[in-house]
Each structure stands twice: as C-alpha cells, then as structure tokens.
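Q: Quick one: this structure, given as structure tokens, is what I'll be asking you about.
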Amino acid sequence: MADSPLKDSTGIVSLSLTSNGKAVADTIQIVSVEIEYCVNKIPSARIVILDGDMPNNEFPVSSQDVFKPGAVVELACGYDNKETRIFKGIVIRHSIKIDGNNYSRLIVYCKDQAVAMTVGRKNANYVNAKDSDIMTQMINGHQDVSADVSATSTQFKEVVQFYCTDWDFLLTRAEVNGCLVAVDAGTISVKAPQVTGEAQLTLTYGIDLMAFDADLDAFAQYGTVKATAWDPATQAVTEAQSGPVSLNSQGNIDSAELAKIVGPEYFRLQTDTPLDNTALSDWANGQQIKSGLARIQGSASFQGSAKAKIGTLIEIKGINDRFNGNVLVTQVRHRIVSGNWVSEIQFGLSEKWFTEQYSVEAPLAAGLVPGVRGLQVGVVKKLDTDPEGQYRIQVSIPVMQAENEGVWARLAGYYSSTGFGAFFIPEIGDEVILGYLNNDPAYPVILGSMYSSNRKPPYEVTAENNIKAVVTRSKLKIEFDEEKKIITLITPNNNQIVISDEQKSILLQDQNSNKVELNTGGITLDSPKDIKISAKGKVTIDAVNNVEVTAQADINNTGLNINHQANVGLVAKGNATAELSASGQTTVKGAMVMIN
C-alpha cells in the first residue's frame, strides 16, 4: 500500500527558490506560492513576495533581475530541508500590487517553458504521417522542450493544421487518440491514461484526508460509441464502434452499468470526411475514454506532498464502496502559505472534447469586423462598372436593409481562367446565394443562382430527371435528353442541330426548312429552294454504285472542257431532239461508226 502524505511531513515546511540556476537570497521574503498542474494545460506558478520601500520610493526585489520576465525559476519544497522540485518554468509576468493600507508586494507569474506552444497561430501540412509522428515533430520544433509521445497506429495521407496554435492542435490530435497531455519541467508527454500500477499515495478519511468532494455521474456514460464517416470510394457510410473502457478501479458501479440509466442505444460521432476504420476506431475509443474519466469527478486535499503528480494514481480509502479505490489524478494544486503546505488534487475529467470547451479557431473575419456565419441571399443589381475593375457584380442583401447601395461580390465559376473559361453571368434581379471570404461581410462571393416559385426554371422538375439544359434569356437553348440520348441546339426561330442516338441520326435544319440529315440510310440534303455547291478548288463526286442526276427542268453543264468517259458504254439520247455540234472541228470516230 502507498504511503500516507503524513509520512515524513511532521517537520517544518521548507521552500527553496532558484533563478537562472542561482539560489534566491534568503532576504527575499516569500508570502505565498501556488503551483498548478493540470492535464491538457500548461503548468503555472504564482509567487507572492514582500516588496516595496515607500520612504525610498522603490521596489528593490522587482528592480533586480531575479524575477525578470524570461528568468528560469525552480521551486523545491519539503520538510526539514528534504526538498523535492515541484516546479520549473520561466517568468512570464511581473506584477506590483499596493493596497490601500500600503501593503505592497511583488507577484511573479511563471509558466512551464512549453507555454511557447500556446503563442501564435500557425499553418502546417503533414503528409503520410501518424499522429504520434506529427505531435513529436511539433513539440521538438520548440526550444527547451522535449517530447515523450506514445506511438499511434493510424497512418494519414494528409493532416492539415490550419491557423491555430501548436498547443491547440496537439491537444485535438491527442484526445482523438485517447491520450492525455501532461507537462513537467519542459517535458511534454502524450500518453493513454494510466489505469493500472501502484498508487503514489493513500488518502484515508479520518486520518489524512482534509477535504473530499466527488460526483458519481451517469449522464455521460455510453454503452456503445459509433464513429461514422463517408467513404467516397464505396459511396457508403463506414463506421467503427467502441464499448465502455476499463480505467481506474474507483467505486463499485462501472460505466457499463451507468450507461443503462440514461445512455442512448449508442452515442454517435460523425464526419463527412473520409476516415479509415482504424481512425474511426481510435475516435470512438477516445470518446469512451473521456466518458470513463467523467464517471467520477471530484477533488481531495491533504498535507502537501511532491508525490502528487498528474497522470498518476492515488488511492482513496475510508469513504465507502461508491468512491473508494484508485483515482487518476488530472490536476494538482500546491499551496504554500505561512509555513503550511497543502496539496489539492482533482480526479476525473469532463466528457467534452477540447474544441467543445475552448474556441480554438481564429475569430470570424480575422476579428477585423464582426463576422458573418453561413450563407446569405442576395439580389443582382448591376453587372458592369465595378469600381475596382475586378469583374464583380453588385448585389443587394435584403436582410441587411442595404437596398440602396448594395455590395460588390466576386462571381465563382466552375471554369474561370485568363481569357477563357465558362462565361455565365447572372441576370439583373436574379436571386443568388452568397458566401464570404474569411466570413468577412465586406467580401461576398456569388456561389450560384436559385429558382423559386417566383423565378421558375425553364422546365418542370420531374422524378425521372431526364432533361438537362442551358437556356439563355432570349431562349437560345442546348438541351440534353438522358432518356432518348438526344442533344439539341436550338434558337428561338427554330434553327436547330439535333444529335440523336435513338434515331441514329444527326439533323441540321434552319427556319427556312433547309435540311441536312445523316442517318442509317445515308445523307440527305433537302431545300424548298435552291442548293448551291461552290468550291475554290475542285469538286469531286465519287460513288461505288450509280450516280444519278435528275431534274424536272433542264440540266446544264458548263466548263472550259467537258470530258465524258465510259469504261463500257456511253449513251447520249434525246426523246425529242439530239444535237452534237462545235464551232470548230468535230470528230466522231470509233472501230465502227454507224449513223442512222
């Protein structure tokens, strides 16, 4: 059994303090020290020091470099000068306080050096990496800190860190993998909660337990957690699930039993992004770990002990079977005041995800103006004369009650490039849908136009959905018939091109009934009037079978020379008259010439 915190704690509390490796002078009077460790948070220390010399108008301790911001401070505490380090960090804030009764002091605020991970939003793209590799790389990218990260299993093709602090990104990836982040003296550990092993201390009601407060809560206990995602390859939802996990052995009612009280049949996590089964399983398991840590939450205080550390186990005894057992320490607070040292621990953790409790994203519109969420409806007012020459379109936004001025919006196109692309501009009066760059209301983008009962589409919507079309304002039309597999290009005056798989034909026809048709029977040129064939070069007519020329009136052939050649026989015959003549010589010859 682990020792009581009372063991070896009956002596005088001793506290030592160093700054940049040098012991702080005994003449500096420390009023109080408060140190806090918490999983998923940066350790901190608050040191209150007597300072201030009113007659001489100075604060001598503050004026020294001992507690200058950036100084590395170490605190050790114990009994009878047997001390153990309980904090190491840097001074980040240096504060002077003077009360109305001239009680003056210096207050020094310190943070672990891992605090650098919480400063500044960053962007990063990680390719073909596991979360453990990403977290290790991220931690090691900061000075004076080191990583101790347990290996994770899922290999991601790409993970993007978008404009958030390294610390926030670290916590989100850690908890998805069911891990807790603990920091101590610059070492950042990312590990699954400790559920077995020896307790570091034993706290017994009536002996060494100064205060105790605990809640056994059935609310966030789930029999099954299902994590679902969309798989574009199979066009189906994929899922993985996790049952209650076994954590520390506190109490006599486990999560599985509590889940039967108010828990749903299953607790659902979902995303539209594609995640493989191992990532979904990690996600579901991470939720069950958070649920298990939320089963019993509370606090306990006792005589100060350096053995109280986050991420370790402490045994609770003498309460009752509901709460006795090993608790997982998630927060430690040391208070040293007036020669007395009290440690307070918290155990358990909220079932909520980090991003549900804290705002990790940047403010809307980068905080430059109040941002806008979601999409808005606009009405097109003007298409040209963009004052900035950016080809924007002026729209009014009815809910803004800005009908007079309107705003200029960029137009999103599915194919927009330099000098070419798809050129479809909405009409004045069209109802359009607006999105906003960086959620800034001054930078709208037209995402598309919308039909309504007032602005009807050119076709009625049917269940079969066989007709697709592009119809312009003047009724120029390109129509696609999915059922008959026909493409029709047609003008308001019925000039048209029809390409039909159903008829196995291509038809070109104008408003004058001139027609060219290609079908299984051949090619037909048809006109109610003349057909003219003209070429700057030669015209060749070639057929495997007969070539027939028929006219209801005359047939006239005119040329510089006319040559008729028959491979077998030549017949030139007139039913009424026939004439063969020339202005010059006329030659008629053959092996035998017969006249009449």
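In this note's numbering, each residue carries its 1-based index in the sequence shown increased by 32.
Beta carbons are placed, not taken as given, at the ideal position from N, Cα and C, and that holds for glycine.
How long is the line joining the alpha carbons of S136 and Y111, rounded to whole angstroms?
A: Between S136 and Y111, the C-alpha separation is close to 29 angstroms.
Q: Below 8 angstroms on the Cβ atoms is my contact criterion, and I expect A259 with W315 to pass it. Report the Cβ-Cβ distance as a whole number of Å.
A: Correct: roughly 4 angstroms between the Cβ atoms.
Q: Quick test of the definition: if touching needs 3 or more C-beta pairs under 8 angstroms, does the region 229 to 240 touch the region 252 to 269?
A: With a cut-off of 8 angstroms, the region 252 to 269 and the region 229 to 240 do not count as touching, because too few Cβ pairs lie within range.
Q: Check whether the region 414 to 429 and the region 363 to 378 touch, using three or more Cβ-Cβ pairs below 8 angstroms as the test.
A: Not touching, per the Cβ criterion.
Q: When the Cα atoms are used, what is the spatial distance from A288 to L279?
A: Rounded to the nearest angstrom, the two C-alpha atoms are 12 angstroms apart.
Q: For V579, which residues in the same chain have their Cβ closer than 7 angstroms to its Cβ, ignoring the five residues on either side in sequence?
A: Same-chain partners within the cutoff: I573.
Q: R327: which of G399, D249, Q319 sits nearest, CA to CA?
A: Selected option, being the one with the closest Cα: D249.
Q: Assign R125 to buried or exposed, taking buried as 16 or more other Cβ atoms, counted over all protein chains shown, within 10 Å of its Cβ.
A: Looking at its Cβ environment, which holds fewer than 16 other Cβ atoms inside 10 Å, R125 is exposed.
Q: For K292, report the span of its beta strand (DSSP E) as first-last.
A: Here K292 belongs to no beta strand (DSSP E); instead the alpha helix (DSSP H) covers 287 to 294.
Q: Work out the CA separation of E511 and N72 for me, nearest whole Å.
A: Going from the Cα of N72 to the Cα of E511 covers about 60 angstroms.
Q: Excluding sequence positions up to five away, which residues of its chain have a Cβ less than 7 angstroms from the Cβ of N527?
A: Excluding residues within five positions, the ones whose Cβ falls inside 7 angstroms are D542, Q543.
Q: Taking the beta strand (DSSP E) that R125 falls in, what are its first and last residues?
A: Note, R125: beta strand (DSSP E), 114 to 130.
Q: Are the beta-carbon atoms belonging to V177 and I122 less than 8 angstroms from one another?
A: Taking 8 angstroms as the Cβ cut-off, V177 and I122 do not qualify as a contacting pair.
Q: Can you tell me whether A501 is helix, strand or coil according to DSSP?
A: Looking at A501 - three-state DSSP - the assignment turns out to be strand.
Q: Am I right that Q282 and G357 are in contact with their C-beta atoms under 8 angstroms? What's the rounded C-beta distance?
A: Between G357 and Q282 the Cβ distance is about 4 angstroms, and since that is below 8 angstroms, they are a contact.
Q: Tell me P476's beta-bridge partners as DSSP assigns them.
A: Per DSSP, Y468.
Q: Secondary structure at Q175, three-state DSSP: helix, strand or coil?
A: Coil.
Q: Spatial neighbours of Q378 within its chain, please: C-beta separation below 6 angstroms, excluding the five flanking residues on both sides.
A: Only S331, T362, Q363 meet the Cβ criterion.
Q: Could you say which of V181, G84, V105 lies nearest to N133 if we only look at CA atoms?
A: Closest option to N133, Cα to Cα, is G84.
Q: Here's a check: name, in chain order, each residue in its chain whose Cβ is nearer than 7 angstroms to the Cβ of S323, leaving out the five neighbours to either side.
A: Within the same chain, S323 has close Cβ partners A252, Q253, Y254, S287, E383.
Q: What is the DSSP secondary structure of G318, counted as helix, strand or coil?
A: Three-state DSSP puts G318 in a helix.
Q: Start and end of the beta strand (DSSP E) containing Q96?
A: Premise fails: Q96 is in no beta strand (DSSP E) and is neither H nor E.
Q: Mind checking which residues open and close the alpha helix (DSSP H) that includes T618?
A: Taken as a continuous stretch (DSSP letters only), T618 belongs to no alpha helix (DSSP H), as it is neither H nor E.
Q: Taking the alpha-carbon of M33 as reference, which of K570, Q145, Q232, G421 has the nearest alpha-carbon?
A: Here the closest residue by C-alpha is Q232.
Q: Give the range of the alpha helix (DSSP H) segment to which W199 is assigned.
A: Element bounds for W199: 198 to 208.
Q: With distance defined between alpha-carbon atoms, name the residue in S333, P306, D247 nearest to A265.
A: Comparing Cα positions, the closest option is P306.
Q: Strictly by DSSP, which residues pair up with S76?
A: S76 is bridged to E68, K143.
Q: Leaving out five residues on either side along the sequence, give the residues of the same chain with a beta carbon under 8 angstroms from the beta carbon of I81.
A: If we look at I81 and ignore the five residues flanking it on each side, its Cβ neighbours are I60, Q61, I62, V63, V93, F99, R137, L138, I139, V140.
Q: If I measure Cβ to Cβ from C196 and keep anything under 6 angstroms in the same chain, skipping five residues before and after, which residues do I get?
A: Closer than 6 angstroms at the Cβ level, and outside the excluded window around C196, lie R153, V392.
Q: Which of the three DSSP states is assigned to A108 in this structure?
A: Reduced to three states, the DSSP call for A108 is strand.
Q: Apart from the five residues on each side of it in sequence, which residues of its chain come closer than 6 angstroms, Cβ to Cβ, to V104?
A: Cβ neighbours of V104 beyond the five flanking positions: N52, I122.
Q: Determine the direct distance from the alpha carbon of D513 to that of Y446, and round the result to whole angstroms.
A: If you take the alpha carbons of Y446 and D513, they lie about 23 angstroms apart.
Q: Do you know how far the Cα of D263 is from the Cα of A146?
A: Cα to Cα, the separation comes out at about 38 angstroms.
Q: Do you know whose CA, among A268, L290, Q267, Y158, lies nearest V277's CA?
A: Closest by alpha carbon: L290.
Q: Rounded to whole angstroms, what is the Cα-Cα separation between A243 and I293?
A: Between A243 and I293, the C-alpha separation is close to 30 angstroms.
Q: On the DSSP letters alone, give me the boundaries of the alpha helix (DSSP H) that T184 sits inside.
A: Element bounds for T184: n/a, residue is neither H nor E.
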